[in-house]
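Contents: one structure, followed by commentary.
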Amino acid sequence: MQLALFWIFSILMLAFALGVVFLRNPVSSAMSLVMTFVALAAVFVTLDAFFIAVVQVLVYAGAVMVLFLFIIMLLDLRAEKHRKVRPSAWLGGGLVVGGFMAAISQVIAGWSALHQTKPELSDPSFNDVAGVGFTLFRDFNLPFQIIGVLLLVATVGVVLLSRKELK
Amino acid sequence: MLQDYTPVLLHVIIAVGFATVAMIANIVLGRTGKRNPTKDSVYECGMVPEMAGQPRFSVKFYLVAMLFILFDIEIVFMYPWAVVYQDFIAESGTIILWSMLSFVLILLFGYVYAIKKGALDWSR
Amino acid sequence: MNILNVMMQPEVFLVWTSLAKSIGLLAVILGLVSYTVYAERKICAWIQDRVGPNRTGIPFTGIRIQGLGQPIADALKLLLKENFIPAEVNKFYYYIAPKLSMVPAILVLAVLPFGSSLFGIPMVIADVNIGVLYVFAVSSLGVYGIVLAGWASNSKYPFLGGIRSSSQMISYELALGLSVIPVFMVCGTLSLPEIVLWQRENGWMVFPIWAKGLTWDLILSGDIGAIAQTFTAGFSLQRILLWVPMIISFVIFLIAMFAETNRAPFDLPEAEQELVGGYHTEYSGMGFALFFLGEYAAMIAGSGVIVTLFLGGWSFPLIPDGSLPGIPGVLAGLVNIGVFFAKIIALLIFFIWVRWTVPRFRYDQLMKLGWYVFFELALVNIFIAAFVLAYIK
């Protein structure tokens, strides 16, 4: 059951991810990306990572993608026109993709973790939110503060970039 | 644990199913009127529509969305913090309070900067 | 006999009971939505010294029953209207936007405990340990329906309404998310059923006064001294001081919920005088009905979250062990469901009352309130709660 759901949502996720690339309308691409994130969250649920799943929806699908949509609408982007692609471009692109795939499959084939099945949770009632909390504040306090600094830099960056408009 | 989420999946199916059925029922049962150019045009209080399509909007909306993401991430960190707060204090003291306080203070610098630069001031 | 055996297998049992709960809850919510609309019209009429809908009754009999038939007539009318699609819209998104705005509101209901248990089945569709985060995650998806409706309509008023609405929703999501954190610090869990149980034992979040020893039998026995003892047992300096952040949380959450659901005084996205109907200007028939339904369902779901987090959920006040004297199990379960919906209806009437009393904000005032006042107050509030929990016993 769990495995079947995992594959169903993985395939859904990949299908929507392809939609992001192949759809011509930028809004459709953005909405496909939202669906990709939702399907990814479902995959996380099938892997017992509930907190990550819900944060995936909350932050990526619920916040980041709203920004994407806003930008698409602000710039008033319209659907792309079909273009003629030269055969040499097809060939070059195919070579790059093929080479990349070959390299990745080489790495994955030699990776022992791939052949492992997901171990069951030792304690089925494990509360992953509390787990994240304890680990974060006991072992990763400094990285946590550094994240704060990163977010500060991002905030300043956002304000600076749009400052011309604000004056 | 996964069993806890099976009902959520079923609930999603029911909710989407209801919306779809309602929409289809309306298409099947609802009247179909004649079309004419006036009915087809967008609603602009009876005036002839000017300038097709959407108006440009203020960049402030985009700024708000961006700042929302940053503070949303901050809030996400606060949930695990709140859940373990009392247990953690009982176990290893109040370091958890000061750690979150410094995190929030760092972010407050950004917040104050944004306010001072007028990023959230809509009356200008 | 065979079918019954299959039905009682754990997996199958889970599936059909949760399906039954989902469908039952959806039906109750639909009924509640249509009668909330009726209540809205009726209460608004009383406030403005009018009569309100009073003619629609039982068909063919001439009995009017105070216009109680009105919601059914409205629903039928919307179902039978033409589903008109203007020429210039983006058809796919025009169709899908109303669903995207209604479905999240219904999905929120999945984690709300609406009763204790009936026949041993817990009265919550899904008891997940990330309960509240699920509520926020799902409701944050509601923005898309509104933005896409505005965009797909290819018209100016809906577009401006959609952008305004989404910007307002994400701004108040911050206040909403921050304001409830003290609740989780006190309870130490995100699971909504556990928060309700905590409140049953220790008193409501906004009214935390009784303690575990109190039972219905004790109250009926009339032993004032023993009753007073259970109340004083619930008191400590920490408890009293925590009252302050809890009240602040409640007020911020309540007001932010008004903004999240686009209710007056925060109804700028559909400000009739400037934007006609806002994002659903170009919709007719069921498309419009689904937006309307979504809006009211979001209001009901929001009230449900407020009730669950702050007002004791389905629990009957003053009974820490949940025993109702002289009431058998099944009936007690029904009473709990009744208590939950009674609390929701009380909040809904409050929502309506506010809408017809308070004038609308200006957009800059709305943003200022969300980003300056509520954001800062909620942050300070969290650290008040944190200091009290850490240093005062």
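Here the protein sequences come in this chain order: D, C and U.
By the working numbering, the letter at position 84 of the first sequence is numbered 84, and the numbering carries on one by one without gaps.
One gets the working numbering by counting positions in the second sequence from 1 and adding 1000 to each.
One gets the working numbering by counting positions in the third sequence from 1 and adding 2000 to each.
All C-beta atoms in this analysis are idealised placements derived from N, C-alpha and C, irrespective of residue type, glycine included.
Please read all numbers here as calculations on a predicted model, not as lab measurements.
Counting along the chain, U/Q2009 sits inside no alpha helix (DSSP H), nor does DSSP assign it H or E at all. Taking 7 Å as the cut-off, the Cβ atoms of U/A2137 and D/V129 do not count as close. Residue-level contact check: U/N2262 does not touch chain D, since none of the beta carbons of chain D fall below 7 Å from its beta carbon. Closer than 7 Å to the CB of C/I1073 there is not a single CB belonging to chain U. Within 10 angstroms of the beta-carbon of U/A2087 lie fewer than 16 other beta-carbons, which makes it exposed. Proximity to U/V2089 across U/E2282, U/K2393 and U/S2018 peaks at U/E2282, based on C-alpha coordinates.
Contact between C/A1065 and D/F37 does not hold, since their C-beta atoms are separated by about 16 Å, which reaches or exceeds 8 Å. Not a single C-beta of chain C is nearer than 7 Å to the C-beta of D/V97. In this structure, DSSP gives U/I2058 an extended state, which the three-state scheme calls strand.
Pairwise C-beta distances place the region 141-161 of chain D out of contact with the region 2056-2075 of chain U, as fewer than three of them are shorter than 8 Å. D/G133 is outside the set of residues whose beta carbon lies under 7 Å from a beta carbon in chain U. Here D/H115 is exposed, its C-beta having fewer than 16 other C-beta atoms within 10 Å. For the region 2178-2207 of chain U, the residues whose beta carbon sits under 7 Å from a beta carbon of chain C are, in order, L2178, I2181, F2184, M2185, G2188, T2189 and L2190.
Chain-order list of chain C residues neighbouring D/V55: V1076, by C-beta distance under 8 Å.
Of all alpha-carbon atoms in U/M2286, U/P2193 and U/R2360, the one lying nearest the alpha-carbon of C/V1028 is that of U/M2286.
Between the beta-carbon of C/R1031 and that of U/E2082 there is about 5 Å, and that keeps the pair under the 8 Å contact cut. CA-to-CA, the gap between U/L2275 and D/W7 works out to about 46 Å. Contact of C/L1029 with chain U by beta-carbon distance below 7 Å involves L2079 and L2080.
At the C-beta level, U/Y2372 and U/T2036 stay beyond 7 Å of one another. Sequence-ordered contacts of the region 2106-2127 of chain U with chain C read I2106, L2107, A2110, I2125, A2126 and D2127 [C-beta pairs closer than 7 Å]. Between U/N2154 and chain D, the shortest Cβ-Cβ separation is not below 7 Å. Residue contact with chain U for D/V43: absent (no Cβ-Cβ distance below 7 Å to any residue of chain U). Not one beta carbon of chain U lies nearer than 7 Å to the beta carbon of C/N1036.
Counting only runs of 4 or more residues that sit fully inside the region 9-67 of chain D, the alpha helix (DSSP H) segments are 26-46 and 50-55, in chain order. U/F2207 carries a strand assignment under DSSP once its states are collapsed to helix, strand and coil.
U/I2121 sits in a strand when the DSSP states are folded into three classes.
Listed along chain D, the residues sitting closer than 7 Å to C/M1066 by beta-carbon distance are L67 and V158.
The continuous alpha helix (DSSP H) containing C/F1077 extends over residues V1059 to S1092. If you draw a straight line from the Cα of U/F2207 to the Cα of C/Y1085, it comes to about 22 Å. In the displayed model, U/I2063 falls within a strand according to three-state DSSP.
The residue from D/S28, D/M13, D/A61 and D/G157 with its alpha-carbon nearest to that of C/K1117 is D/G157.
Closest by C-alpha distance to U/V2354, out of U/M2257, U/E2376 and U/I2240, is U/M2257. Annotation for U/M2185: the continuous alpha helix (DSSP H) segment containing it runs I2181 to C2187. Distance from U/F2184 to U/L2190 at the Cβ level is roughly 6 Å; contact confirmed, criterion being Cβ atoms closer than 8 Å. DSSP, read as helix, strand or coil, puts U/Y2283 in coil.
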